[in-house]
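Everything below concerns the one structure shown next.
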Amino acid sequence: MVTCLLSFKGAAVSEDDKDSFIDDASSLVQTFRRNGQIVSANDIYLFQQDAVVSYVHAFSADSLLPQYNNKYVNDRLIRIKENYGLMFSFEVLTNDEEPAYGFAASSAFILQWGGASPLRSFDSFEQIPLYMFPYTYHDGYCHNDINFWEGNYDSIYDIWRRSEIEEERFSDYLALIDSPLSVQGSNVCRRIEALTGKKCYYHLFSYDNTRYDEKCPSCHSDWVLSEKMFDKFDLRCDKCNIISQKALYDDASDE
Numbered sequence: 000m001v002t003c004l005l006s007f008k009g010a011a012v013s014e015d016d017k018d019s020f021i022d023d024a025s026s027l028v029q030t031f032r033r034n035g036q037i038v039s040a041n042d043i044y045l046f047q048q049d050a051v052v053s054y055v056h057a058f059s060a061d062s063l064l065p066q067y068n069n070k071y072v073n074d075r076l077i078r079i080k081e082n083y084g085l086m087f088s089f090e091v092l093t094n095d096e097e098p099a100y101g102f103a104a105s106s107a108f109i110l111q112w113g114g115a116s117p118l119r120s121f122d123s124f125e126q127i128p129l130y131m132f133p134y135t136y137h138d139g140y141c142h143n144d145i146n147f148w149e150g151n152y153d154s155i156y157d158i159w160r161r162s163e164i165e166e167e168r169f170s171d172y173l174a175l176i177d178s179p180l181s182v183q184g185s186n187v188c189r190r191i192e193a194l195t196g197k198k199c200y201y202h203l204f205s206y207d208n209t210r211y212d213e214k215c216p217s218c219h220s221d222w223v224l225s226e227k228m229f230d231k232f233d234l235r236c237d238k239c240n241i242i243s244q245k246a247l248y249d250d251a252s253d254e
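First residue of the sequence shown: 0, per numbering that gives the first Met the number 0; consecutive thereafter.
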């Protein structure tokens, strides 16, 4: 990850326009995030005499280059230019990045929630930035289907993790292959396969249950691996394209 300074340069934003500018700039940053170009950001904007600036974390030094923008990022940039007369630019402030892993080198993929990108290489488990991947949404301009699944997963996981209400119900959303969340994620995997001609494995969450330790929950075939994959996964079905582990932690009872 790299730290970047975002700059919107031009005439000073008037007091009357500051709130609307912050709304538009925040929408731009969120659109960058959905496209995988920005990993994390805040809503702090510093108004200077000839620019408005903000700090974000990007996937790599090249993440914010124009060639990686999707249609919706460009639409947001045009809106800011037309409404406020400001031009967007960025500056990389750190130089400790690791090269982004391109999708073309992967023989297959894993869809797994968590991290800077939900898409990982089947060969190395490295994260693949969405902006380097073909658009998966039906409009042909973005990855909204992945974004929607990721957002749903995040909300459900957060409720389950807090263990305040209906813990078992939300655990089932995460861990059952036929739950609405898993079906949504599996549909994303099938879309990725159709676009790339390569397998995409859906990561099935497991915390401390042993329901699926021996048999695939979909086809009921043996799926226990002889050796852990990436020192992480114990379970994999190459027929159903599902991957999992026997438990999220070595001893979940200690959590």
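Yeah, the Cβ is synthetic: ideal placement off N, Cα and C, and Gly gets one too.
{"Asked": "Any 3 or more C-beta pairs closer than 8 Å across the stretch 152-159 and the stretch 191-198", "Found": "no"}
{"Asked": "Nearest neighbour of Tyr130, chosen from Ala115, Phe124, His137 and Ser123 [CA to CA]", "Found": "Ala115"}
{"Asked": "Assumed close pair Ser59, Val1 - CB separation to whole angstroms, cut-off 8 Å", "Found": "6 Å"}
{"Asked": "Contact check, Ile109 vs Ile242, beta carbons under 8 Å", "Found": "yes"}
{"Asked": "Contiguous beta strand (DSSP E) assignments of at least 3 residues, all confined to the stretch 44-96", "Found": "50-57 and 86-91"}
{"Asked": "C-alpha gap between Phe7 and Asn143, whole angstroms", "Found": "26 Å"}
{"Asked": "Rounded straight-line distance, which links the Cα of Cys215 to that of Phe229", "Found": "20 Å"}
{"Asked": "Backbone secondary structure at Phe31 - three-state DSSP", "Found": "helix"}
{"Asked": "Under 8 Å between C-beta atoms of Cys236 and Ser217", "Found": "yes"}
{"Asked": "First through last residue of the beta strand (DSSP E) which encompasses Phe147", "Found": "Where Phe147 is concerned, there is no enclosing beta strand (DSSP E), although the alpha helix (DSSP H) it sits in stretches over Asn143 to Arg161."}
{"Asked": "Cβ-based neighbour list, Cys3, same chain, cut-off 6 Å, excluding 5 preceding and 5 following", "Found": "Val55, Ala57, Phe89 and Val91"}
{"Asked": "Which listed residue (Glu14, Arg33, Asp15 and Ala174) has its alpha carbon closest to that of Pro128", "Found": "Arg33"}
{"Asked": "Contact under 8 Å by Cβ, Ala11 with Asp49", "Found": "yes"}
{"Asked": "Alpha carbon of Asp249 to alpha carbon of Tyr206, nearest angstrom", "Found": "Caution applies to Asp249, whose pLDDT of 49 falls short of 50 and renders its modelled position unreliable; the value that the coordinates give is listed next. So the alpha carbons of these two residues sit roughly 10 Å apart."}
{"Asked": "Cα-Cα separation, Gln29 to Asp122", "Found": "30 Å"}
{"Asked": "Collapsed DSSP secondary structure at Ser116 in the structure displayed", "Found": "coil"}
{"Asked": "Integer Cβ distance of Asp221 from Lys227, believed to fall under 8 Å", "Found": "Actually they are not in contact, since the Cβ atoms of Asp221 and Lys227 sit about 16 Å apart, beyond 8 Å."}
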